[in-house]
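In what follows, a structure is listed as structure tokens, so that the remarks can point back to it.
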Amino acid sequence: MHYPRLPGEKETQATVAGFINHFIRKDLPALNPDHLVLTSGITAAFDALGHVLLNPGEVILAPTPFYYRFPNDFGDRSLVSIEAVDCIDEQLGACLLSVDRFQAVYERLLETGRRAKAIILTNPRNPDGGYHSLEEMKPIAEWAIRHNMTRKRHSSRFTACFADLDSERFVWLWGTSKDLCLPGLRFGVIYMENADIRLSLTTISMFQVPNTLTQFVVRRLLSDYEWFENTFYPENLKRLQKCSAFMVEYLNTIGVRCMPAKSGFFIFADFAQFLDEPTFEAEERLNRRFEANRVILVPGHVCKASKPGWFRIVFTLRDMDELAMGLERICKAVDTPAPTLDGDFRIFIEGKTNGVVNGI
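Start counting the sequence shown at 1414; every next residue gets the next number (my numbering).
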């Protein structure tokens, strides 16, 4: 057992690059393993980027709804601010990127003497389980480059999609917590073509680099392509589809709409009809009712939802009976009769369907 090499063991960099090239970047140019900086999870990666790319008080733009930990991950130590860009279309119940909305927030910041220096996009989005298409992202990337910003992206395909743009302004992050169901492993990577930024990240990576034992486990795990292709991914996809379809159908039955989820293990559900008044204070009161009934959800105001009543729900429990129990507790919290679990609902629980949600 020895001190890890900075910014990660060569063998680990090569293994991770091979895995990403095989499963995430199929039919795209292979990434360079030497451009990977290994971190102890994506939280650590965000913290490192906050120190390297921005100064205290500077701003990152993030479309809403966004992961509720962003302000902590970037602000607790590097003192960087996250500014919300409202991208929720209430009529469609979806998140839509818009250059005009980013420009409006950018100009508002300038009026107060602050400047946005970067934007962050996440695929799949947390909390609503959707994802941004290339057609949506490219205009935002072009706009950011015109304003001399850095663009951070967490997960999915990246720089090759923007080959005609300045790739040295793009940062891509990937981790094992959500994609591989291993939040306790604490492993992530930063991919950056800009050599100066990589050098800065390497300099401070003594505080972030995974230990050698963690890297050994990662190498062994990510080398087993056959297991991922034939066992893990098919079974994981089947379970995700089944749980997601059941939850959406259940919530629709009690009149709760959900943003269309195409990926991930969570949905964003609208409980506005159950608020005693249309305010975020009422949303927090409803959240306390959920907690009193032993259900932990994430209220929309911490994800910077523009209107009260939205909640993130994680649906990946150990079995369908537990999921049904959690939904029954939600019904109890909002004083609504729970649907009877027979017929179509019982089919979901007994596993006689593969679900109806594509792309998860």
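From the three backbone atoms N, C-alpha and C, an ideal C-beta is built for every residue, glycine too. All values reported here derive from a predicted model rather than from experimental measurement.
Grab the span of the beta strand (DSSP E) containing residue i for me, first residue to last.
i, result
"Phe1583", "1583-1588"
"Asp1499", "1494-1499"
"Arg1418", "That residue, Arg1418, is in no beta strand (DSSP E); it is neither H nor E in DSSP."
"Phe1687", "From DSSP, Phe1687 is part of no beta strand (DSSP E); its letter is neither H nor E."
"Val1450", "1449-1452"
"Ala1529", "1529-1535"
"Pro1476", "1472-1477"
"Met1733", "Premise fails: Met1733 lies in the alpha helix (DSSP H), 1733-1746, not in any beta strand (DSSP E)."
"Val1429", "Where Val1429 is concerned, there is no enclosing beta strand (DSSP E), although the alpha helix (DSSP H) it sits in stretches over 1423-1436."
With respect to 8 Å, is the separation between the Cβ of residue i and the closest non-hydrogen atom of the ligand PLP below this value?
i, result
"Ala1674", "In the structure shown, the ligand PLP is absent, as is every other ligand, since no ligand is present at all."
Give the C-beta separation of residue i and residue j to the nearest angstrom, bearing in mind that I take them to be a contact with Cβ-Cβ under 8 Å.
i, j, result
"Ile1473", "Ile1533", "6 Å"
"Gln1628", "Pro1417", "7 Å"
"Trp1587", "Gly1601", "7 Å"
"Phe1681", "Asp1541", "4 Å"
"Ile1455", "Ser1590", "7 Å"
"Leu1510", "His1545", "6 Å"
Could you pull out every residue in the same chain whose Cβ sits closer than 8 Å to the Cβ of residue i, ignoring the five residues on either side in sequence?
i, result
"Ala1573", "Note that Ala1573 scores 40 on pLDDT, short of 50, meaning its location in the model is unreliable and no value can be drawn from it."
"His1448", "Tyr1604, Met1605, Glu1606, Arg1611"
"Ser1719", "Thr1477, Asp1499, Ile1501, Glu1503"
"Ala1746", "Leu1699, Arg1702, Phe1703, Ala1705, Asn1706, Val1708"
"Val1630", "Leu1598"
For residue i versus residue j, is the C-beta distance shorter than 9 Å?
i, j, result
"Phe1703", "Phe1728", "no"
"Pro1478", "Ile1495", "no"
"Val1632", "Thr1428", "As written in the sequence, residue 1632 is Arg, which differs from the Val given in the question. In contact: Arg1632 and Thr1428 (Cβ atoms closer than 9 Å)."
"Ala1430", "Pro1420", "no"
"Phe1436", "Phe1641", "yes"
"Ala1751", "Ile1667", "yes"
"Thr1425", "Pro1596", "no"
"Pro1537", "Gly1677", "yes"
"Leu1688", "Pro1721", "yes"
"Asn1700", "Pro1691", "no"
"Ala1507", "Met1738", "no"
"Ala1497", "Lys1717", "yes"
"Asn1649", "Cys1594", "yes"
"Phe1679", "Ile1726", "yes"
"Tyr1481", "Val1715", "yes"
Tell me the residue span of the alpha helix (DSSP H) that contains residue i.
i, result
"Leu1522", "1512-1524"
"Lys1551", "1547-1559"
"Gly1488", "1483-1488"
Given residue i, which residues of its chain have a CB within under 6 Å of its CB, disregarding the five upstream and five downstream residues?
i, result
"Leu1730", "Leu1736"
"Phe1571", "A caution first: Phe1571 carries a pLDDT of 40, below 50, which makes its placement in the model too unreliable to give a value."
"Leu1467", "Val1493, Lys1530"
"Val1769", "At Val1769, the pLDDT of 39 sits below 50, so the modelled position is not reliable and the matter cannot be decided from this model."
"Arg1599", "Ser1453, Gly1454"
"Tyr1646", "none"
"Pro1469", "Leu1492"
Is the stretch 1452-1466 touching the stretch 1485-1495 in the sense that three or more CB pairs, one from each, lie closer than 8 Å? yes
State whether the stretch 1688-1706 contacts the stretch 1656-1666, with contact taken as three or more CB pairs (one from each stretch) at a distance under 8 Å. no
Count the C-beta pairs between the stretch 1520-1537 and the stretch 1550-1557 that are closer than 8 Å, then say yes if the count reaches three, no if not. yes
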